[in-house]
Amino acid sequence: MPTYTAPVKDMQFVLHDVLKVTESSIPGYDELEADFTSAILEEAGKVSSEVLQPLNVVGDKEGCVLENGVVRTPKGFKEAFEVMKEGGWTALDCDPEYGGQGLPYLMGTAVGEMMVSANMAFNMYQGLTHGAYSAIHAHGTDAQKQMYLPKMVSCEWTGTMNLTEPHCGTDLGLMRTKAAPQGDGTYKISGQKIFISAGEHDMSDNIIHLVLAKIEGGPEGIKGVSLFIVPKFMVNEDGSLGARNGVSVGSIEEKMGIHGNSTCVMNYDEATGYLLGTEHKGMRAMFTMMNEARLGVGLQGYAQAAVAYENAVVYANDRLQGRDVTGAKNPNGPADPLIVHPDIRRNLMDQKSFVEGARAFTFWGASMIDKAHREEDADADGLISLLTPVIKGFLTDKGFEYATAAQQVYGGHGYIEEWGMSQFARDARIAMIYEGANGVQALDLVGRKLALDGGKHVMAFFDLVKTFIKDNSGDEEFDKAFLEPLKAASKDLQAAGMYFMQNGMKNPNNALSGSYDFMHMFGHVCLGLMWAKMGKAAMDALAAGASDTEFYETKIATGRYYMARQLPATGMHLARIESGADTVMALDAANF
């Protein structure tokens, strides 16, 4: 059976050695002293490993069951949800005005990684609630906030987001769900939504659905979409629960993974809904949820890779197979452990260098969200908007790849359910699809985000890389191992952007056919930047006489590996991009 131990020391390294949180100007970061963050992370790690992780396989095997319109969650889930609520884990970074603890989003992200690694399906119940909370917090009226947020913060009530319909996923302008005004400020919502995570369950008293629908008589397409609050149970003026609303579960989806989360078909039959935000501006309000959700999904990708890697390392050290070609390492045993073999080392180093780089990238992204919100910093908001599709797309593609790579270390045992490795791969697979499939993320990056504000934010990213290289050059060892590969990769990324500018206008397919490669290239450059920052932080710590030399030397060695073996992939992606659209678009549809 798999195990999970939270990587507290690695997280502390990112927070304090790399991001240097207490030196930041972001309000609230000065309180994130190492002892304080350590106490939170240690306790969260304990809850994750002792309460959530044992239920991961239970959720996978039992799944959720629909009985008489009510979804029954797997054994132990309700009790674990109470532990989460009592410990305040659902309220960590929420507004104190509504019962939250007011910690930075960065700390919620760090704790979230642990809980996703321990039990991704379970964590989705509170994760979706947090997204719905954020949308109401940003766009709701004072009355709506007072009515819904306190109990959503505590997770007495949970939340969902309802976008997809049977005939439309990405193209939400095609949606058919209708909202009929009632003249009293309410609307009657009618339609069907599918793939609704945590759409119905038995762990909260009420479920607050956020539903996209079209107000009758509004504009066609996406410009006519509005967002509505549709509670499972009506809420009386005093906050007590009233009658059941016209919303029901049609079925639970049979899925490849995340069996412990109830993915529902939701039917709205003239359900009472309340407009959230402005008429016909539903996508603006929904994107408050979706940008946060997309960073959370990127986190899911690398968090599954992280727990899979942790278990693969244990197996590689325990499993005896073959002999080291340079001489026996376990002469008294029948064979040497798997970890002596170079190809196993390559596999594990791929995983390790990705996971640690992805963690730093995601934490950095979370700090930008904090900067954008807490300082109302438009530049930080623009930069994280640019990087969100990279975080979501690249980290989930690679997260799945490395969850299966960890499975590979086990050989045939990785394919057998007894060892639990297949669950990590199956659970990780959804992260590439939901919250905007990764191909759509790539199109968003190239088609919209690069040109945002006249290309200001992508130029700011290149300046950031250039400034880091300039400010930290001069040490021959560091320059050769970290800065030169980063500089080369950044040049590849700039060359790809230049190709799009020169060739995308006359034939947009030249840009769009290279968008997926560009997203991955951008991801590699971001992880290269993170590893350069981590390498510098580790070298500085050693120079300052840090006692745990092995920890910092391991960081440097892992970073060297990424820069030498992974970052050169930017050259391959550039070559693909510069080959243009002709080969991609050559076949007629009938010839596929």
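So the sequence shown is residues 1 to 592, counted in full-length UniProt numbering.
Backbone N, C-alpha and C define an ideal beta-carbon position, used for all residues, glycine too.
Note that the structure is predicted; figures quoted are calculated from it, not measured.
Is the stretch 174-188 touching the stretch 44-57 in the sense that three or more CB pairs, one from each, lie closer than 8 Å? no
Exposure of Val-70, with buried meaning 16 or more beta-carbon neighbours within 10 Å: exposed
Please state whether DSSP places Leu-212 in a helix, a strand or coil. Annotated three-state conformation of Leu-212 is strand, per DSSP.
Thinking Phe-228 and Ala-179 are a contact (beta carbons under 8 Å), I'd like their distance in whole angstroms, please. 6 Å
For Leu-512, which of Thr-570, Ser-49 and Val-440 has the nearest alpha-carbon? Closest by alpha carbon: Val-440.
Would you tell me roughly how many angstroms separate the C-alpha atoms of Cys-526 and Ala-405, rounded to the nearest one? For Cys-526 and Ala-405, the distance between alpha carbons rounds to 22 Å.
Closest to Arg-359 by C-alpha separation, out of Leu-295, Ala-589, Pro-342 and Ile-344, would be which residue? Leu-295
CB-CB length for Val-225 against Met-175, believed under 8 Å: 7 Å
Looking at Met-519: is its Cβ nearer than 8 Å to the Cβ of Ala-442? yes
When the distance is taken between beta carbons, is Lys-193 closer than 8 Å to Thr-164? yes
DSSP three-state label for Cys-526, please. Of the three classes helix, strand and coil, the one that applies to Cys-526 here is helix, per DSSP.
Of the residues Met-563, Trp-157 and Leu-212, which one's Cα is nearest the Cα of Gly-273? Leu-212
Give the single residue among Pro-337, Asn-330, Ala-135 and Asp-379 whose Cα lies nearest to the Cα of Arg-284. Ala-135
Quick one: what does DSSP say Asn-206 is sitting in, helix, strand or coil? strand
For Asn-162, list the residues DSSP reports as bridge partners. Val-211
Pop quiz: Glu-200 and Ser-262 are said to be a contact at Cβ under 8 Å. What is the actual Cβ separation, rounded to whole angstroms? 6 Å
With a cut-off of 8 Å on the beta carbons, I'd call Lys-371 and Ala-380 a contact; round off their distance for me. The pair is a contact, with the Cβ atoms about 4 Å apart (cut-off 8 Å).
Using the beta-carbon count (16 or more within 10 Å), is Ala-428 buried or exposed? buried
Examine the ligand ATP and report whether any of its heavy atoms sits within less than 7 Å of the Cβ of His-201. Questions concerning the ligand ATP fall outside what the structure shown contains, since it holds no ligand whatsoever.
With DSSP collapsed to three states, give me the class of Pro-181. DSSP places Pro-181 in strand when its eight states are reduced to three.
Considering Ser-422, what are the terminal residues of the alpha helix (DSSP H) in which it resides? 421-429
Asn-267 bridges to which residues according to DSSP? Answer is Gln-192 and Ser-248.
Counting beta carbon pairs with one atom in the stretch 202-220 and one in the stretch 120-137, are three or more of them shorter than 8 Å? yes
Classify Ser-30 as buried or exposed, calling it buried when 16 or more other Cβ atoms lie within 10 Å of its own Cβ. As written in the sequence, residue 30 is Asp, which differs from the Ser given in the question. Classification of Asp-30: exposed, given that the 10 Å Cβ count is below 16.
Taking the alpha carbon of Gly-45 as the point to measure from, which residue in Phe-468, Trp-89 and Leu-452 has its own alpha carbon closest? The residue among Phe-468, Trp-89 and Leu-452 with its C-alpha nearest the C-alpha of Gly-45 is Trp-89.
Short check: CB of Ala-366 to CB of Tyr-105, under 8 Å? Going by C-beta atoms, Ala-366 is nearer than 8 Å to Tyr-105.
Counted within 10 angstroms of its Cβ, other Cβ atoms place Lys-392 as buried (16 or more) or exposed: buried
Between the C-alpha atoms of Thr-73 and Ile-252, what's the straight-line distance to the nearest angstrom? 12 Å
Met-563 to Pro-485, Cα distance in whole Å? Roughly 6 Å separates the two Cα atoms.
Excluding the 5 residues flanking Val-116 on each side, which residues of the same chain have their C-beta closer than 7 Å to its C-beta? Asn-123, Leu-299, Gln-300 and Ala-303
When burial is assigned at 16 or more other CB atoms within 10 Å of the CB, is residue 627 buried or exposed? Residue coverage of the chain in this structure runs from 1 to 592, which leaves residue 627 outside it and unanswerable.
Contacts around Met-539, its chain only, beta-carbon distance under 7 Å, and the 5 residues preceding and following it disregarded: Phe-478 and Ile-556
Applying the 10 Å Cβ sphere with the 16-neighbour rule, what's the burial state of Ala-543? Exposed, because fewer than 16 other Cβ atoms sit within 10 Å of the Cβ of Ala-543.
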